[in-house]
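Numbering (UniProt numbering) for the sequence shown: 1 to 269.
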Amino acid sequence: MNKVGIYFAYWTREWQANYPMHIQKVARLGFDILEVCTANFVDLGKAERQEIRRAAQDAGIEYAKRTLEMISDMGGNTYGGINYASWPVRQLPKDLTEKADYVARSLESLKSVLKTAEDYGVQYCFEIVNRFEQFLLNTAEEGAAFCKATGSPNAKLLLDTFHMNIEEDSLADAIHTAGFYLGHFHIGEANRKTPGVGRMPWHEIGKALREIDYRGAVVMEPFIAPGGQVGEDIRVWRDLSKGADEAEMDAKAGKACRFMKAVLESAAE
Numbered sequence: 001m002n003k004v005g006i007y008f009a010y011w012t013r014e015w016q017a018n019y020p021m022h023i024q025k026v027a028r029l030g031f032d033i034l035e036v037c038t039a040n041f042v043d044l045g046k047a048e049r050q051e052i053r054r055a056a057q058d059a060g061i062e063y064a065k066r067t068l069e070m071i072s073d074m075g076g077n078t079y080g081g082i083n084y085a086s087w088p089v090r091q092l093p094k095d096l097t098e099k100a101d102y103v104a105r106s107l108e109s110l111k112s113v114l115k116t117a118e119d120y121g122v123q124y125c126f127e128i129v130n131r132f133e134q135f136l137l138n139t140a141e142e143g144a145a146f147c148k149a150t151g152s153p154n155a156k157l158l159l160d161t162f163h164m165n166i167e168e169d170s171l172a173d174a175i176h177t178a179g180f181y182l183g184h185f186h187i188g189e190a191n192r193k194t195p196g197v198g199r200m201p202w203h204e205i206g207k208a209l210r211e212i213d214y215r216g217a218v219v220m221e222p223f224i225a226p227g228g229q230v231g232e233d234i235r236v237w238r239d240l241s242k243g244a245d246e247a248e249m250d251a252k253a254g255k256a257c258r259f260m261k262a263v264l265e266s267a268a269e
């Protein structure tokens with residue numbers, strides 16, 4: 001059965017956290033994985049900040065390579081996110097009438113990065129997001145074509161039910177379209193609450209994952225608390241937790257974990 005995880009920022013309002021504490025917490029709640037923000041490990045100390053500055057000046061390519069090295073050093077095998085372009089896009093290019101040139105530029109910059117991913121044995125997952133956050137890859141179909149165009153066996157997709165709910169005609173069809181390329185999977189309700197409290201067709205999603213024989217992680221990425229840098233970046237403008245304290249937040253997360261494990265187990269039968 002797929003491992004079930006949760007993104008650390010469910011509990012935080014900033015992009016930094018006490019990871020050892022969160023690791024203990026999610027294990028106690030029944031999760032198999034705590035998903036973290038890679039920048040917290042790369043951006044450490046003055047020397048590392050200077051490296052990041054140099055990397056940014058080099059279009060992020062060296063930064064991505066360093067991130068892959070860090071993931072490998074820490075025993076990880078997956079790097080996912082909007083790691084093929086900038087995020088979030090606050091203002092679209094004025095000449096954006098055809099994406100081909102921008103896609104070509106992204107593919108060109110990824111050549112050496114993907115070679116590094118292959119060298120470290122890390123799958124490089126392009127997250128497919130909605131049109132309000134990026135414009136290059138908005139559907140599983142676009143993502144699969146992008147993966148194929150790289151020619152790299154380590155090029156994979158990260159699908160997220162929140163974004164799929166906005167852009168895809170069918171969640172199940174999108175999963176089937178991703179197929180072999182699906183390397184990581186994010187879950188959450190249409191309003192980014194924990195799975196099981198909204199209208200997402202979870203059993204349909206679980207069935208589709210089983211039909212493509214997806215064996216990767218299924219990580220919930222709920223964002224329900226406003227405030228801080230997380231709330232600003234993710235656009236959480238109201239308290240979806242309804243004033244829940246830490247114990248209540250833990251209980252919600254644990255309930256969602258049990259729900260998703262039951263869904264995935266049922267789909268496997």
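Glycine included, each C-beta is placed from N, C-alpha and C at the ideal position.
Source: prediction; values computed, not measured.
Ala-155: member of the beta strand (DSSP E) spanning 155-160, first to last residue. Cβ contact annotation for Gly-206 (same chain, cutoff 6 Å, sequence separation greater than five): Val-263, Leu-264, Ala-267, in chain order.
Per DSSP, the continuous beta strand (DSSP E) segment holding Val-219 begins and ends at 218-220. For Val-89, the closest alpha carbon among the candidates Glu-35, Glu-133, Phe-185, Ala-174 is that of Glu-133. Shortest Cα-Cα distance from Glu-168 to any of Val-129, Ala-117, Gly-183 involves Val-129.
Secondary structure of Ile-224 (DSSP, three-state): coil. When DSSP states are grouped into helix, strand and coil, Phe-41 belongs to the helix group. In the three-state reduction of the DSSP assignment, Gln-123 falls in the strand class. Taking C-beta separations shorter than 7 Å and ignoring five residues to either side along the sequence, the partners of Pro-222 in its chain run Tyr-10, Gly-188, Arg-192, Lys-193, Thr-194, following chain order. The C-beta separation of Tyr-102 from Leu-136 comes to about 6 Å, placing the pair in contact by the 8 Å criterion. In this chain, the beta strand (DSSP E) harbouring Phe-185 covers 182-187. Close CB contacts of Thr-150 within its chain, under the 7 Å cut and outside five residues either way in sequence, are with Leu-107, Leu-110, Leu-114 (chain order). Rounded to whole angstroms, the Cβ separation of Gly-231 and Ala-225 is 7 Å, and the two are in contact under 8 Å. The residues Val-4, in chain order, have a CB closer than 6 Å to that of Lys-261 in the same chain once the five nearest residues on each side in sequence are set aside.
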